Amino acid sequence: MLCKQDLETPTIKAMLNTYHASKLSSNQCGSSLVQTIDAPLPLVWSLIRRFEYPQGYKLFVKKCNLLDGDGGIGSVREVMITSGLPAGVSVERLDKLDDDKHVLKFSIIGGDHRLVNYSSTITLHEEEEEYGGKTVTIESYAVDVPAGSSGDDTCSFANTIIACNLRSLAKITEEKVCKVNQIKL
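Position in the sequence shown (first residue = 1) + 18 = our numbering.
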């Protein structure tokens with residue numbers, strides 16, 4: 019399932035094929051969500067790349083502690099989830115962080131939730147010609163479908179959380195751009 023973007027641009031297609039083409043097993047589901055952000059890529063990346071500080075843009079994160087590492091590849095974080103969701107804690111490992119290609123991958127390795135075997139890939143790129151230098155963010159994931167649940171229900175839940183996070187990322191970074199532009203005036 020792909021959302022919120024004209025997926026016909028060559029760059030988006032290339033990013034999806036290169037970084038977001040997961041092979042799903044029969045008991046898994048997955049999706050890719052796309053968000054265009056009216057903010058420069060370095061600003062958006064500065065929030066995404068902070069593995070130790072997901073609450074910088076993720077609405078449902080109350081607190082985060084690094085359990086191992088310094089925020090680089092292999093680091094493990096414990097994320098405390100806000101109330102109202104069917105989880106309290108998620109333990110996540112940073113699998114890839116590429117500052118040149120703007121790619122971040124993480125896996126959920128524990129916690130009190132039903133997202134087993136969850137892995138996520140986030141990529142950023144600019145669509146300069148068609149979108150005037152806006153940042154396109156793509157987040158894809160694969161996850162096991164829990165017993166007693168359907169793939170559609172599992173994807174719907176994950177898509178809702180990711181879409182909220184991407185909208186929050188857009189709002190925060192676009193507001194920062196507006197503040198900078200106001201100062202320049």
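All C-beta atoms in this analysis are idealised placements derived from N, C-alpha and C, irrespective of residue type, glycine included. Remember, it's a predicted structure, so these values are computed and weren't measured experimentally.
- Residue environment analysis places N45 among the exposed positions, since fewer than 16 neighbouring C-beta atoms fall within 10 angstroms of its C-beta.
- If the five residues before and after C47 are omitted, its C-beta is found closer than 6 Å to the C-beta atoms of V163, G169, T172 and C173, all from its own chain and listed in chain order.
- When the five nearest sequence neighbours on each side are left out, the beta carbons in the same chain lying within less than 6 Å of the beta carbon of L42 are those of G48 and A160, in order along the chain.
- Judged by DSSP in its simplified three-state form, N83 adopts strand.
- In the structure shown, T100 falls within a coil segment according to DSSP collapsed to helix, strand and coil.
- Listed in chain order, the alpha helix (DSSP H) elements of length 4 or more contained wholly in the segment 28 to 59 are 28 to 37.
- Here Y37 is actually not in contact with N183; their C-beta atoms are around 18 Å apart, not less than 8 Å.
- A direct Cα-Cα distance of roughly 8 Å separates S50 from N177.
- Shown here for E157: same chain residues with a beta carbon closer than 6 Å to its own, the five before and five after excluded, namely L51, I140 and I180 in chain order.
- Of the other Cβ atoms in all chains shown, 16 or more fall within 10 Å of the Cβ of P72; this residue is therefore buried.
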